[in-house]
Structures are given as structure tokens and as C-alpha cells.
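Under my numbering, residues 1 to 217 are what the sequence shown spells out, in order. Backbone N, C-alpha and C define an ideal beta-carbon position, used for all residues, glycine too. If you're wondering where the values come from, they're calculated on a predicted model, not measured in any experiment.
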Amino acid sequence: MFRTSFFLDATAPFVHTGEAAARHIKRLHPAVRGFVQTRATVDQIGDAAPAFSGVAELWFDTPELAHIACKAGYPLQGLISDGASVARRSVGLERSVMLMPSFRRGSGIKGVFPFGKKKGQRVEDFQNHWWHRHGPIAALTEGASAYIQCHPMPYLYSIAEPPFDGITEIWWSDVATARAAMKSRQMTEDQSNDAKNFAEPGTVLLFLAQEEVVIAP
1 MFRTSFFLDA TAPFVHTGEA AARHIKRLHP AVRGFVQTRA TVDQIGDAAP
51 AFSGVAELWF DTPELAHIAC KAGYPLQGLI SDGASVARRS VGLERSVMLM
101 PSFRRGSGIK GVFPFGKKKG QRVEDFQNHW WHRHGPIAAL TEGASAYIQC
151 HPMPYLYSIA EPPFDGITEI WWSDVATARA AMKSRQMTED QSNDAKNFAE
201 PGTVLLFLAQ EEVVIAP
């Protein structure tokens with residue numbers, strides 16, 4: 001499915017949980033097929049603050065619906081707190097590269113890595129390398145139960161430059177496992193060395209988060 005992601009800045013980004021959140025998002029976006037509220041955890045990889053406080057993730061059946069939701073005047077009215085602001089908006093196709101049998105959406109810790117493509121690289125070349133060549137490498141991330149890529153639809157580049165060229169998501173059982181994986185040779189060497197072929201240095205943002213699956217996509 002196609003996903004609209006709203007990256008949020010706030011101490012407590014969401015107003016509602018559970019059924020109240022489900023009813024509210026359906027009023028705002030009747031065509032929504034899935035909705036997940038992602039909140040940054042207190043514990044992160046290092047001492048730095050998380051890049052964002054949370055993400056509102058909306059799933060739709062078509063890219064057009066996902067794009068319309070992204071363009072809506074105030075698409076999360078009443079769903080996020082008064083002090084919350086939408087820092088970035090992204091529309092893309094979610095591609096599941098690796099899902100372990102033990103994986104359950106909403107459980108454990110999710111690492112969110114939005115980033116930009118290598119300068120001057122064609123969108124088609126970037127997406128092809130990230131999916132087909134880097135994907136199998138990143139699928140071997142130590143301790144990971146899932147690895148997902150979110151690709152902006154190429155036609156969006158003719159409308160406006162997306163805030164991110166890709167969003168990587170990796171799930172672990174807990175923060176300790178995520179920290180160990182980030183320090184592993186597999187990530188610091190295998191993944192980092194290949195990332196030079198498609199990701200622009202310095203563009204990768206990072207935060208660890210927990211999901212609340214309000215409407216399962």
C-alpha cells in the first residue's frame with residue numbers, strides 16, 4: 001500500500017489513542033486503510049535527541065489518495081496536540097524487504113532512518129540500488145525482526161522535491177538490541193560501505209520509536 005508519513009515535533013505529539021484515534025482519523029480521511037501512531041522512545045542510540053518526536057503514518061490503496069492526504073490543508077486536525085507541528089511530510093510505496101516469522105507490527109522498537117539520495121543520482125538508479133542491492137545487505141542487520149523501505153513514487157519528483165528520498169525502518173526487540181546492532185561490523189562496515197553508493201553523507205536522520213497500531217494496514 002501507499003503511505004503518507006507526517007514527521008512531528010512535540011513533547012507529546014498525539015491526543016488520542018485506541019478507538020478514539022481510529023474514529024478521529026476516519027473522520028479526517030474516510031479512505032484511510034491503516035493508521036499507526038509512532039512515538040520516539042526516551043532511550044535513543046546515543047546522547048543526541050531524536051530527530052523527530054513521532055510520526056503519523058496513514059495507508060491508502062492508491063498513490064493519488066496518499067498524495068491528497070499529504071496536501072490537505074490541516075490533515076491531522078484534532079489528532080495531534082496543540083503544541084505539535086508537522087516538520088516534514090512524505091508520500092511513498094512501502095516495500096517489505098525482510099520480515100521474520102516472529103515479527104509483529106507494533107511490538108518491540110523501530111528504528112526510523114529518513115535520508116536523501118546521493119547528489120546527482122537519478123531517482124531510478126537510486127531506488128534500484130537501495131532496493132535490489134542494499135536491501136539484501138541491510139536484511140542481515142543483527143537482531144532485526146523486520147526491515148522495510150519506503151520509496152517516494154518517481155512521478156512526485158516532477159511536482160516537488162520530496163523532503164526525503166527514502167525512509168528505512170528496522171525493528172528490534174528492545175533498545176539494547178538496537179544499540180548493539182548499530183555498533184556491529186555488519187552496520188558500521190557492510191551497510192555503511194554500500195550506503196556510499198546511493199545515500200548522500202550527512203542526510204541520514206535517526207530515532208528509535210514505539211508504534212501504536214490504531215488501524216492495521
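### Task
Return the chain-ordered list of same chain residues with a C-beta closer than 6 Å to the C-beta of Gly83, the five sequence neighbours on each side being excluded.
Cβ within range, chain order: Ala10.
### Query
On the three-state DSSP scale, how would you describe Glu169?
strand
### Task
Rank Asp190, Pro30, Ile25 and Thr203 by C-alpha distance to the C-alpha of Ile137 and give the top, closest one.
Asp190
### Straight-line gap, Phe35 to Arg104 (C-alpha atoms, nearest Å)
15 Å
### Task
Would you list the one or two residues that DSSP bridges to Gln37?
Ala56 and Glu212
### Task
Use the C-beta contact count for Val42: other C-beta atoms within 10 angstroms, 16 or more gives buried, fewer gives exposed.
exposed
### Message
Let's test the definition: count the other Cβ atoms within 10 Å of the Cβ of Pro30 and tell me whether it reaches 16, buried, or not, exposed.
### Response
exposed
### Message
Tell me which residue opens and which closes the alpha helix (DSSP H) that Glu64 is part of.
### Response
Pro63 to Lys71
### Query
Taking Pro154 as the reference, which of Leu140, Gln127, Ile167 and Ile148 has the closest Cα?
Gln127
### Query
Mind checking whether Arg179 and Ile45 have CB atoms under 7 Å apart?
yes
### Query
Count the other CB atoms within 10 Å of the CB of Pro101; is the residue buried (16 or more) or exposed (fewer)?
Exposed, since its Cβ has fewer than 16 Cβ neighbours within 10 Å.
### Message
Please tell me whether Ala176 and Thr141 are closer than 7 Å, where the distance is taken between their beta carbons.
### Response
The Cβ-Cβ distance between Ala176 and Thr141 does not fall below 7 Å.
### Buried/exposed call for Arg39, threshold 16 Cβ in 10 Å
buried
### Message
On the criterion of 16 or more Cβ atoms from any shown chain inside 10 Å, does Gln77 qualify as buried, or is it exposed?
### Response
Classification of Gln77: exposed, given that the 10 Å Cβ count is below 16.
### Message
Tell me the DSSP secondary structure of Gln149 in three-state form.
### Response
In this structure, Gln149 counts as strand in the three-state DSSP scheme.
### Nearest-angstrom Cβ-Cβ length linking Phe207 and Ile167, presumed shorter than 8 Å
Not really, about 12 Å apart at Cβ, beyond 8 Å.
### Message
Looking at the secondary structure, which residues open and close the alpha helix (DSSP H) in which Ile80 lies?
### Response
Unbroken run through Ile80: none, as it is neither H nor E.
### Query
Considering only C-alpha positions, which residue in the set Thr203, Gly111, Pro75 and Gly54 is nearest to His24?
Pro75
### Task
Find out if the Cβ-Cβ distance for the pair Arg95, Phe6 is shorter than 7 Å.
Not in contact: Arg95 and Phe6 (Cβ atoms no closer than 7 Å).
### Task
Determine the direct distance from the alpha carbon of Pro50 to that of Glu124, and round the result to whole angstroms.
30 Å
### Task
State the beta-bridge partners of Leu8 as determined by DSSP.
Gly54 and Val86
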